[in-house]
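Asker:
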Amino acid sequence: MKWAALAVIILLVAPLSQWLRRRPEKIAWVCFAIGLMPFIGEYFHLLLAVVSWAMWDGYSKGIEISLTDLLAILLFLSLRDKHIKIPFLFPMALYLVVVLIASITSTIPVASLFYCWQLLRIYFIYAVVFLAVTSNSAAAPSLLIGMACGEGLELFVASWQRFGLGVLQASGTMESQNELGLVSHFVMFPFFAIMLGGRRGWLPAVAVLASLVVDTLTTSRGTITLGVSGLALTYALSSMSKWSSRKALVALAGLGILAVAVPFALANFEQRFSASGGNYGLAEDSERIAYKDAAAMMVEDFPGGVGPNLFSIVGNSGGYYERAGVAPVLGSRAGRVHNVYWLVLAETGFLGLITYLAFVLSPLATALRYGFGGRREANRDLLLGLAVTLIIVYIHSREEWVLISYTMQSLLAINFGLVAALASEYRSPRTSTVFLSPTVRLPPI
621 MKWAALAVII LLVAPLSQWL RRRPEKIAWV CFAIGLMPFI GEYFHLLLAV VSWAMWDGYS
681 KGIEISLTDL LAILLFLSLR DKHIKIPFLF PMALYLVVVL IASITSTIPV ASLFYCWQLL
741 RIYFIYAVVF LAVTSNSAAA PSLLIGMACG EGLELFVASW QRFGLGVLQA SGTMESQNEL
801 GLVSHFVMFP FFAIMLGGRR GWLPAVAVLA SLVVDTLTTS RGTITLGVSG LALTYALSSM
861 SKWSSRKALV ALAGLGILAV AVPFALANFE QRFSASGGNY GLAEDSERIA YKDAAAMMVE
921 DFPGGVGPNL FSIVGNSGGY YERAGVAPVL GSRAGRVHNV YWLVLAETGF LGLITYLAFV
981 LSPLATALRY GFGGRREANR DLLLGLAVTL IIVYIHSREE WVLISYTMQS LLAINFGLVA
1041 ALASEYRSPR TSTVFLSPTV RLPPI
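For the sequence shown, the residue numbers in our numbering are 621 to 1065.
#1: Report yes or no: do three or more beta-carbon pairs, one from the stretch 639 to 651 and one from the stretch 686 to 699, lie closer than 8 Å?
#2: Does the stretch 835 to 853 come close enough to the stretch 792 to 803 that 3 or more CB-CB pairs lie under 8 Å?
#3: Roughly how many angstroms lie between the CA atoms of HIS1016 and TRP649, to the nearest whole one?
#4: SER932 and ASP689 - do their beta-carbons sit closer together than 7 Å?
#5: Using the three-state DSSP reduction, which class does GLU799 fall into: helix, strand or coil?
#6: So what does GLY682 bridge to, in DSSP terms?
#7: What's the gap between the Cα of LEU977 and the Cα of ILE1012?
#8: Per DSSP, what kind of secondary structure is LEU930 in: helix, strand or coil?
#9: Which whole-angstrom value is the C-beta distance of THR1009 and PRO810, which I expect to be below 8 Å?
#10: ILE728 to ALA722, Cα distance in whole Å?
#11: Going by C-alpha distance, which of PHE710, VAL919, THR754, SER779 is nearest VAL1039?
#12: Inspect the beta-carbon positions of ALA1007 and LEU1042 and report whether they are closer than 7 Å.
#13: Taking Cβ positions, are SER726 and LEU930 nearer each other than 7 Å?
#14: To test your reading of the DSSP string, which unbroken alpha helix (DSSP H) runs of 4 or more residues are found completely within the stretch 936 to 1022?
#15: Assuming contact is defined by CB atoms lying nearer than 7 Å, are THR1027 and GLU774 in contact in what I supplied?
#16: Do you know offhand how far PRO711's Cα is from VAL833's?
#17: DSSP three-state call for PHE785: helix, strand or coil?
#18: Beta carbon of GLY945, beta carbon of ALA916: below 7 Å?
#19: From ALA966 to ASP1001, what distance separates their C-alpha atoms?
#20: Looking at C-alpha atoms only, which residue of ASP905, SER906, GLY938, GLY847 is the closest neighbour of GLU920?
#21: Among the residues of its own chain, which have a CB less than 6 Å from the CB of GLY1037, if the five just before and after it don't count?
#22: Can you tell me which of the three DSSP states PRO1058 falls into?
#23: Looking only at DSSP bridge pairs, what is LEU667 linked to?
#24: DSSP state of ASN899, grouped into three classes?
#25: In chain order, what residues of the same chain have a beta carbon less than 6 Å from the beta carbon of GLN738, not counting five sequence neighbours either side?
#26: Taking the alpha-carbon positions, what's the VAL633 to VAL848 distance?
#27: In whole angstroms, what is the alpha-carbon distance linking GLY897 and ASP905?
#28: Tell me which same chain residues have a C-beta within less than 8 Å of the C-beta of MET675, skipping the five on either side of it?
#29: With a 10 Å radius around its C-beta and 16 neighbouring C-beta atoms as the bar for buried, classify GLU645 as buried or exposed.
#30: For GLY925 and SER982, I'd like the C-alpha separation in whole angstroms.
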């Protein structure tokens, strides 16, 4: 059945792309769907697997093709101008080469190559987002609107989990509350920057408020702390770029919202940590430390890495989990280190970590550079919001591994694509990027 579905979809790509070329205003809907997919793709299993290792303990479980990938292919084929130089390809290529080498030399090359395939998919989404935003005025607003709608869905699901099902740490459509928190930050800070920039309309304020509520419903220490810190950092950077009376009003409104949200968050924390005598657990728990000890042992034995997508397998088969004291309960022995940098280091070695950092830090440096030095005020605001998103997500990833999963990397790809497109106006006069404004609407279907 899946092969029939895949064949039908492939056959539809060509005529649909030709239809979009004749109706470029409809490209906005494809961009909207790409922005929405990270919030629903895994939850509704909107993918096909050419090769599937469904029971595999790694984060990449086969040669998969998601609906996001197919939308990206459709969008790529429909774009008229595809001859613009795409930024960030060099660090991306370096990281891919190192990952490929580590995959070939790993003990289970096929499983490691699954992650190589995932990276190729992510790079393609990034390139398509960049090309779409630089060639179609509705692409950037539509992507952001799609992400805002996804966050609205998370608000609905998380609220039902908390108040309807009694789940203290809501996870929304994600696998865990921490992943939900990371996802919400991809929406919160860009829209907060948009709101600070003085754009009219209700969407930015609603998106920020929804993200704040979602953060609170996770009852996650890191998510809430970093969420508030990110808002403060966005405000500071935006104020440094340009001060306005609107920003003073936003600060007052924010203090009012915090006055309402803080007691609710503290009550949730009290309930969560009541079992430990009211200890709010600010210190790192022993399980996370045990995983890091296991990762350190792997690095010592395998300086070049154990192979992508193999951390938990090697941790068990090599006895690292047992020696590090990872508890053999509640699936802990199937988990992985809660730190994406330790995970990359253990799986691909020191060269892998260096190239990974180059891969993720290049867009951040560009966003900060043009967020302060750009000509268009609207683009500067959004670039600063995207920069803060990356900063907060990278800090949060010191306690989480999920930034290496497909869902999170697809959000990274969208973020990188927006950064590259918004900064491209300073590199090439041929490009024409836009900003979310009340005058831009999704066209009728």
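Here a beta-carbon is modelled for each residue, glycine too, at the ideal position from N, C-alpha and C.
These figures come from a predicted structure and were not determined experimentally.
Answerer: According to the data block:
#1: yes
#2: yes
#3: 32 Å
#4: no
#5: helix
#6: SER672
#7: 15 Å
#8: coil
#9: 6 Å
#10: 11 Å
#11: THR754
#12: no
#13: yes
#14: 940 to 944, 960 to 993, 997 to 1016
#15: no
#16: 36 Å
#17: It should be pointed out that residue 785 corresponds to Leu in this sequence rather than to Phe. Note: LEU785 maps to coil in three-state DSSP.
#18: no
#19: 37 Å
#20: GLY938
#21: TYR746, VAL749, PHE750
#22: A caution first: PRO1058 carries a pLDDT of 39, below 50, which makes its placement in the model unreliable, though a value can still be read off. Residue state, collapsed to three classes: coil.
#23: SER686
#24: Annotation note: pLDDT 47 at ASN899 (below 50); position unreliable, coordinate value reported separately. ASN899: coil per DSSP, three-state reduction.
#25: SER680, TYR1026
#26: 43 Å
#27: Below a pLDDT of 50, predicted positions are generally treated as unreliable, and GLY897, at 49, falls in that range; the measurement from the model is reported next regardless. Cα to Cα, the separation comes out at about 15 Å.
#28: none
#29: exposed
#30: 23 Å
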